[in-house]
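2 protein chains.
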Amino acid sequence: MTSTPHGARARARIEITAAIKEEARRRLAEQGAAELSLRAVARTLGMASSAIYRYFPSRDDLLTALIIDAYDSLGETAEAALKASVGALAGERWTAVCEAIRGWALAHPHEYALIYGSPVPGYAAPATTVPAAARVGFALIDVVRDAHRAGELDVAPVPADLEAEAARMAADFVPDLPPAVAPACVAVWAQLLGLIGFEVFGQFTRIVEERDAFFRHAVDGLARTVGLRPADAS
Amino acid sequence: MTSTPHGARARARIEITAAIKEEARRRLAEQGAAELSLRAVARTLGMASSAIYRYFPSRDDLLTALIIDAYDSLGETAEAALKASVGALAGERWTAVCEAIRGWALAHPHEYALIYGSPVPGYAAPATTVPAAARVGFALIDVVRDAHRAGELDVAPVPADLEAEAARMAADFVPDLPPAVAPACVAVWAQLLGLIGFEVFGQFTRIVEERDAFFRHAVDGLARTVGLRPADAS
DNA sequence: ACACAGACGAGAGCACCGCTCTTGCTTTGT
DNA sequence: ACAAAGCAAGAGCGGTGCTCTCGTCTGTGT
Numbered sequence: 002m003t004s005t006p007h008g009a010r011a012r013a014r015i016e017i018t019a020a021i022k023e024e025a026r027r028r029l030a031e032q033g034a035a036e037l038s039l040r041a042v043a044r045t046l047g048m049a050s051s052a053i054y055r056y057f058p059s060r061d062d063l064l065t066a067l068i069i070d071a072y073d074s075l076g077e078t079a080e081a082a083l084k085a086s087v088g089a090l091a092g093e094r095w096t097a098v099c100e101a102i103r104g105w106a107l108a109h110p111h112e113y114a115l116i117y118g119s120p121v122p123g124y125a126a127p128a129t130t131v132p133a134a135a136r137v138g139f140a141l142i143d144v145v146r147d148a149h150r151a152g153e154l155d156v157a158p159v160p161a162d163l164e165a166e167a168a169r170m171a172a173d174f175v176p177d178l179p180p181a182v183a184p185a186c187v188a189v190w191a192q193l194l195g196l197i198g199f200e201v202f203g204q205f206t207r208i209v210e211e212r213d214a215f216f217r218h219a220v221d222g223l224a225r226t227v228g229l230r231p232a233d234a235s
Numbered sequence: 002m003t004s005t006p007h008g009a010r011a012r013a014r015i016e017i018t019a020a021i022k023e024e025a026r027r028r029l030a031e032q033g034a035a036e037l038s039l040r041a042v043a044r045t046l047g048m049a050s051s052a053i054y055r056y057f058p059s060r061d062d063l064l065t066a067l068i069i070d071a072y073d074s075l076g077e078t079a080e081a082a083l084k085a086s087v088g089a090l091a092g093e094r095w096t097a098v099c100e101a102i103r104g105w106a107l108a109h110p111h112e113y114a115l116i117y118g119s120p121v122p123g124y125a126a127p128a129t130t131v132p133a134a135a136r137v138g139f140a141l142i143d144v145v146r147d148a149h150r151a152g153e154l155d156v157a158p159v160p161a162d163l164e165a166e167a168a169r170m171a172a173d174f175v176p177d178l179p180p181a182v183a184p185a186c187v188a189v190w191a192q193l194l195g196l197i198g199f200e201v202f203g204q205f206t207r208i209v210e211e212r213d214a215f216f217r218h219a220v221d222g223l224a225r226t227v228g229l230r231p232a233d234a235s
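So the protein lines, in turn, are chains R and G. Using the working numbering, you'd call the opening residue of the first sequence number 2 and step up by one each time. Using the working numbering, you'd call the opening residue of the second sequence number 2 and step up by one each time.
What follows is the structure, given as structure tokens:
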């Protein structure tokens with residue numbers, strides 16, 4: 002009965018690994034990454050602290066696994082908003098995806114901090130996290146791509162010293178879009194997350210009160226920057 | 002009781018406090034906030050670890066002091082760029098201040114992470130940090146204000162649901178600017194630091210190669226968003 | 001069928017951390 | 001001059017990440 006790769010032992014390993022990750026994620030969501038302790042996880046799981054090291058070689062490895070999960074969770078949220086908005090105007094889709102990302106960030110501040118805050122140790126972004134990290138960006142790009150297909154994208158030219166870079170970016174990430182929009186896409190991606198990060202990390206305290214309306218307005222501005230006509234008719 | 006306490010005791014206290022902060026800042030710059038340990042600082046200062054608690058009640062208080070210093074250092078840099086650019090075109094001044102902020106961030110990544118990355122413990126932003134934190138924002142606003150005085154600011158209207166908020170923001174932070182630009186100022190401030198944060202934290206790895214040209218282009222876009230005519234003639 | 005290599009769990013232990021408490025000594029203000 | 005307050009040092013508590021060793025269990029090849 003070896004339907005699973007190597008018997009029941011391997012299955013137990015998968016289950017325990019998942020249990021550790023689940024408990025760690027719970028603690029992460031409650032207290033943040035700095036307070037996440039292997040010993041505490043082991044304790045509530047009823048195992049010796051040393052046993053955890055059979056599953057995750059170090060605390061950083063556990064954290065890396067959680068980082069990938071967080072990226073995937075956020076990416077999934079963005080993709081869901083993307084799908085749900087098929088057929089709508091490009092500006093409205095843009096807003097929908099941006100608001101989905103913001104909503105996720107506000108609902109999972111510690112996870113957000115884990116992936117977009119300061120890198121926890123010195124710094125590290127193992128190559129394994131890259132594909133998961135890219136999903137959010139691609140969801141945003143998809144809105145732009147669809148708008149371009151529908152002829153609703155206003156492409157602004159790019160300065161001469163960025164032309165080569167824009168071409169490279171476009172070839173790497175958006176082969177079916179005009180190269181000139183590639184830098185704008187990347188810039189807007191970073192700016193959007195800057196906006197969200199400021200809100201999540203409390204930088205808007207006593208500065209922005211009407212968060213929803215403010216975000217909506219700012220996101221309209223970002224849409225304009227990439228060449229979309231914003232949903233807001235104002 | 003006496004504002005300048007006569008005696009060598011008070012003077013020694015100031016000197017030791019400064020020495021602790023200096024050593025802590027050195028370690029922060031080298032290793033980051035997570036690795037900053039009171040014991041290690043005490044060790045290299047040749048004092049018992051418990052003695053440090055006479056000067057900083059807790060690790061977080063030391064960190065808070067460093068946060069204020071970092072805000073001030075960054076604010077000073079921005080203000081210096083602002084002063085150095087008096088008389089230049091608004092677009093050029095904008096670029097100059099933005100590049101000064103970016104330059105500081107790239108030169109002091111750990112300090113940058115301390116103030117704009119994820120809040121180190123659970124969260125914390127003692128009220129004492131607020132004035133220092135505001136300096137950067139005001140440097141940016143000054144460019145906009147001067148442009149407005151010179152009649153070089155294009156003010157875009159604000160949606161109806163933001164008018165009250167815009168008026169409140171303007172009254173609080175930019176009383177001599179049209180209310181409609183206030184939300185744009187705040188949004189652009191967050192977006193600029195998002196841009197810089199992504200670069201500092203390595204999110205642009207393998208995505209943006211020509212960092213300088215890219216940043217310059219993005220900053221031109223931000224200038225446009227607040228209503229400035231960018232320096233780039235393209 | 002059985003023995004053996006490998007995976008596994010538990011415990012002890014190391015070096016480090018933030019922080020507190022107590023004990024003396026020195027400076028300060030009256 | 002003397003009491004009060006500030007200060008440095010040491011010991012100690014509970015916590016951390018991580019390693020090592022030592023029994024136990026298990027999956028597998030002969």
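Glycine included, C-beta positions come from ideal geometry on N, C-alpha and C. The model shown is predicted, which means the values in this text are computed figures rather than measured ones.
When you compare only the Cα positions, how much space is there between residue i and residue j?
i	j	result
residue 78 of chain G	residue 68 of chain G	15 Å
residue 240 of chain G	residue 202 of chain G	Absent from the structure is residue 240 of chain G, since the part of chain G shown begins at 2 and ends at 235.
residue 133 of chain R	residue 75 of chain R	9 Å
residue 178 of chain R	residue 139 of chain R	13 Å
residue 104 of chain R	residue 116 of chain R	15 Å
residue 10 of chain R	residue 49 of chain R	19 Å
residue 30 of chain R	residue 90 of chain G	47 Å
residue 96 of chain R	residue 144 of chain R	10 Å
residue 84 of chain R	residue 221 of chain R	20 Å
residue 131 of chain G	residue 204 of chain R	10 Å
residue 211 of chain G	residue 94 of chain G	22 Å
residue 150 of chain G	residue 15 of chain G	44 Å
residue 114 of chain G	residue 118 of chain R	8 Å
residue 58 of chain R	residue 33 of chain G	23 Å
residue 200 of chain R	residue 108 of chain G	25 Å
residue 73 of chain G	residue 152 of chain R	48 Å
residue 226 of chain G	residue 88 of chain R	28 Å
In its own chain, which residues sit with a C-beta less than 6 Å from the C-beta of residue i, not counting the 5 before and 5 after it?
i	result
residue 230 of chain G	92
residue 123 of chain G	Because residue 123 of chain G carries a pLDDT of 43, less than 50, the predicted location of this residue cannot be relied on, and no value is offered for it.
residue 101 of chain G	78, 79, 82
residue 28 of chain G	37
residue 154 of chain G	148, 228
residue 196 of chain G	219
residue 213 of chain R	none
residue 136 of chain G	76
By the criterion of Cβ-Cβ separation under 8 Å, what are the contact partners of residue i in chain R?
i	result
residue 142 of chain G	Those within 8 Å of residue 142 of chain G in chain R number zero; the least Cβ separation is about 12 Å.
Mind checking which residues open and close the alpha helix (DSSP H) that includes residue i?
i	result
residue 163 of chain G	Counting along the chain, residue 163 of chain G falls outside any alpha helix (DSSP H), and DSSP gives it neither H nor E.
residue 183 of chain R	182-201
residue 78 of chain G	60-85
residue 21 of chain R	8-32
residue 147 of chain R	131-150
residue 219 of chain R	212-227
residue 110 of chain G	110-117
residue 44 of chain G	39-46
residue 53 of chain G	No alpha helix (DSSP H) holds residue 53 of chain G; DSSP gives it neither H nor E.
Can you pull the chain G residues whose beta carbon is under 8 Å from the beta carbon of residue i, in chain order?
i	result
residue 188 of chain R	196, 215, 218, 219, 222
residue 169 of chain R	210
residue 166 of chain R	209, 210, 211, 214, 215
residue 65 of chain R	Residues of chain G passing the Cβ test: none, with the nearest at roughly 14 Å.
Between residue i and the rest of its own chain, which residues show a CB-CB distance below 7 Å, the 5 nearest in sequence each way excluded?
i	result
residue 127 of chain R	65
residue 209 of chain R	215
residue 40 of chain R	50
residue 187 of chain R	170
residue 1 of chain G	Missing from the structure shown is residue 1 of chain G; chain G here goes from 2 to 235 and no further.
List the residues of chain R whose Cβ lies closer than 7 Å to the Cβ of residue i, in chain order.
i	result
residue 74 of chain G	Ordered by position in chain R, no residue passes the 7 Å Cβ test against residue 74 of chain G, which lies about 17 Å from the chain.
residue 154 of chain G	Those within 7 Å of residue 154 of chain G in chain R number zero; the least Cβ separation is about 16 Å.
Could you name the residues of chain G that residue i contacts, counting a contact when the two beta carbons are closer than 7 Å?
i	result
residue 118 of chain R	118, 119
residue 114 of chain R	119
residue 184 of chain R	215, 218
residue 139 of chain R	What residue 139 of chain R touches in chain G: nothing, since even the nearest Cβ is about 12 Å away.
Listing by chain order, which chain R residues have their CB less than 9 Å from the CB of residue i?
i	result
residue 96 of chain G	By Cβ distance, chain R contributes nothing, its closest Cβ being about 12 Å from residue 96 of chain G, past 9 Å.
Please go through the same chain and pick out, in chain order, the residues whose beta-carbon is closer than 8 Å to the beta-carbon of residue i, but skip the five residues on each side of it.
i	result
residue 3 of chain G	Here the model assigns residue 3 of chain G a pLDDT of 37, short of 50, so the residue's position is not dependable, and the following value carries that caveat. Cβ within range, chain order: n/a, list empty.
residue 56 of chain R	14, 17, 18, 21
residue 45 of chain R	24
Using a C-beta to C-beta distance shorter than 9 Å, which residues of chain G count as neighbours of residue i?
i	result
residue 107 of chain R	What residue 107 of chain R touches in chain G: nothing, since even the nearest Cβ is about 14 Å away.
### Query
Do the segment 10-28 of chain G and the segment 49-66 of chain G touch if we need at least three Cβ pairs shorter than 8 Å?
Inter-segment contact for the segment 10-28 of chain G and the segment 49-66 of chain G is present: three or more beta-carbon pairs are separated by less than 8 Å.
### Query
Are the segment 191-198 of chain G and the segment 168-183 of chain G touching by the rule of at least three beta carbon pairs closer than 8 Å?
Too few Cβ pairs lie closer than 8 Å, so no.
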